[in-house]
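Numbering (my numbering), first residue to last: 8 to 415.
Below is the structure:
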C-alpha cells in the first residue's frame, strides 16, 4: 500500500502534461514489475495521437516506425473500457502479428484512462520481469493508478490553459517597441515556468520630445492580479512623467514614487530609467537612475562585457523622500546595452552573483549576433525553467554622425 500511495503522489505532483504522462507510465510499470509499458493518447477518431513508452529503447521505437493501431487486442480496450488481463497474448483470438522490430510480448495488462468520463487513452503493460502472468492484484493496482492518472491529466490540462491565458494577459500589458532614433531595439518577456502566476515584470521604450530615446525596465513585487495592475499603472505613469518632464532620471523616479505613495500606499517595485543622448560623432551618453534595480549589462565594441554597477538607490515604495543618484557613462557607438529583470539571473542553487556572472559570460560570447537572435539565446542560456518572470530589453547603439546625416 505504501508503494501505491507513493506512486499516486508521484503521478499527482506533475503539472506539465507530457511530463505527467511519462510519469504515469513509468511509475505504473515499476509498481507492477512490468518489463514494458505504454500510454497511448487517443484522438477524436479513436486512434493513437501520441505514445509514451517504458522499457522500449529509442532504437526499437524508431525501428517500429509508427504508432500502434487500436485494432486487435487494443481494440478490446476501446470497445470495452475496463481492465484487460491476458496470460497468453499470441493465443488470444484478438491477437495480430507484431510489426517488424516490435518486441515479442507474452502477457498483457491494460486499462483505459478516463478523464471526465471520456476515454483519454489506454495504459497497458507487458511481461512481468518474473516471467509470470499479471495477477489480480496487479489489475487492481493499475485500475487505481488509472483513476489517479485521470485526475492528474485533467489537472495538467487545466494548468496548461491557465498558464496560456496568464501569459497572453501578461503580454497584452507590454507595449510594442517604437522606432528609436539611432538605436536598434529588441525586447522579450518570458513567464515563470513554475505554477502560472501573473507577474509584475515589464519593459518600455519611448522617444522623448527632445528626440532622446528613453528606456525603462521594472519589476513589481508579487505575483497576482494586483501586481499586474500596479505594473501597468507604473509603466504608464513613468512613460507620461518622462515625456512631460525634461529632468534627470532620478527626479522622474522621485515624482513617480510620490504618486504611488498617494495612490497605492507605496507598492514595492524596482525600476531602471535611462536616457541615451548623442555624444559627438561616435558615442552616446547614458544617463540613468535606478530604484533598487539590477545594473544594466554593457557589451562594448571593444573589451569584455561588464555591468555598469553604481548606487542602485532604494526601491519604489520605501519612502519618496530618500534621494536617488543619477549616473552617466559615455558608450561607443556599436555597443549593446541589456536591461533585464532579476528572473534572467536568479540562480536558486548558487545565488544571484553566479547568475549575473553566467549572463555576462554568455552575452560576451554572443555579442556580435543580430539582436533578435541574441535575445533568444540569452533567454535560452538560463534553461527551460525560470523560477521568476523575465523581461529583457536590448538596444544596439548606432552611429550618431550617420543619424544626423539622415536628418539633414
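We put the CB at the ideal spot given by N, CA and C, even for glycine.
Straight-line Cα distance separating residue j from residue i
i: residue 48; j: residue 120; result: 9 Å
i: residue 2; j: residue 227; result: With the chain covering only 8 through 415, there is no way to say anything about residue 2.
i: residue 171; j: residue 386; result: 19 Å
i: residue 407; j: residue 334; result: 21 Å
i: residue 294; j: residue 337; result: 9 Å
i: residue 129; j: residue 28; result: 11 Å
i: residue 37; j: residue 145; result: 11 Å
i: residue 209; j: residue 239; result: 8 Å
i: residue 56; j: residue 46; result: 11 Å
i: residue 123; j: residue 139; result: 34 Å
i: residue 379; j: residue 199; result: 21 Å
i: residue 19; j: residue 166; result: 13 Å
i: residue 158; j: residue 292; result: 58 Å
i: residue 289; j: residue 17; result: 59 Å
i: residue 296; j: residue 257; result: 5 Å
i: residue 317; j: residue 341; result: 23 Å
i: residue 350; j: residue 251; result: 31 Å
i: residue 197; j: residue 352; result: 13 Å
i: residue 264; j: residue 339; result: 32 Å
i: residue 155; j: residue 147; result: 13 Å
i: residue 415; j: residue 242; result: Its pLDDT being 49, under 50, residue 415 is placed unreliably by the model, and the measurement read from it follows with that caveat. Roughly 34 Å separates the two Cα atoms.
i: residue 401; j: residue 111; result: 56 Å
i: residue 354; j: residue 360; result: 8 Å
i: residue 343; j: residue 315; result: 12 Å
i: residue 35; j: residue 109; result: 21 Å
i: residue 399; j: residue 192; result: 11 Å
Classification of residue i by the beta-carbon crowding that lies within 10 angstroms, buried from 16 upward
i: residue 51; result: exposed
i: residue 356; result: exposed
i: residue 97; result: exposed
i: residue 300; result: buried
i: residue 64; result: exposed
i: residue 310; result: exposed
i: residue 21; result: buried
i: residue 183; result: exposed
i: residue 189; result: buried
i: residue 285; result: buried
i: residue 125; result: exposed
i: residue 372; result: exposed
i: residue 89; result: exposed
i: residue 269; result: exposed
i: residue 10; result: exposed
i: residue 279; result: buried
i: residue 403; result: buried
i: residue 303; result: buried
i: residue 149; result: buried
i: residue 320; result: buried
i: residue 324; result: buried
i: residue 114; result: buried
i: residue 247; result: exposed
Nearest candidate by alpha-carbon position, reference residue i, set the options
i: residue 375; options: 358, 312, 28; result: 312
i: residue 163; options: 310, 289, 30, 88; result: 30
i: residue 224; options: 216, 17, 347, 267; result: 347
i: residue 253; options: 242, 310, 282; result: 282
i: residue 32; options: 89, 86, 118, 109; result: 118
i: residue 277; options: 156, 261, 286; result: 261
i: residue 23; options: 60, 217, 161, 307; result: 161
i: residue 142; options: 116, 156, 155, 125; result: 116
i: residue 207; options: 186, 236, 54; result: 236
i: residue 396; options: 86, 195, 82; result: 195
i: residue 25; options: 59, 150, 315; result: 59
i: residue 186; options: 127, 222, 151, 323; result: 222
i: residue 215; options: 249, 193, 244; result: 249
i: residue 86; options: 113, 54, 358; result: 54
Where the beta strand (DSSP E) containing residue i begins and where it ends
i: residue 118; result: 115-122
i: residue 192; result: 190-197
i: residue 44; result: 41-49
i: residue 126; result: 125-135
i: residue 60; result: 55-61
i: residue 2; result: As shown, the chain starts at 8 and ends at 415. That puts residue 2 outside it, with no answer to give.
i: residue 277; result: 276-286
i: residue 400; result: 397-404
i: residue 420; result: One cannot answer for residue 420 here, as it falls past the ends of the chain, which runs 8 to 415.
i: residue 294; result: 290-298
i: residue 211; result: 208-214
Range of the contiguous alpha helix (DSSP H) that encloses residue i
i: residue 334; result: Element bounds for residue 334: not the alpha helix (DSSP H) but the beta strand (DSSP E), 334-339.
i: residue 36; result: 24-38
Chain C within 7 Å of residue i, Cβ atoms only
i: residue 47; result: Here there is only one protein chain, and chain C is not present.
Is the number of C-beta pairs between the region 315-335 and the region 359-367 that are closer than 8 Å three or more?
Verdict: no, contact absent.
For the structure I just gave you, are there three or more beta carbon pairs, one from the region 30-44 and one from the region 131-149, closer than 8 Å?
The region 30-44 is in contact with the region 131-149.
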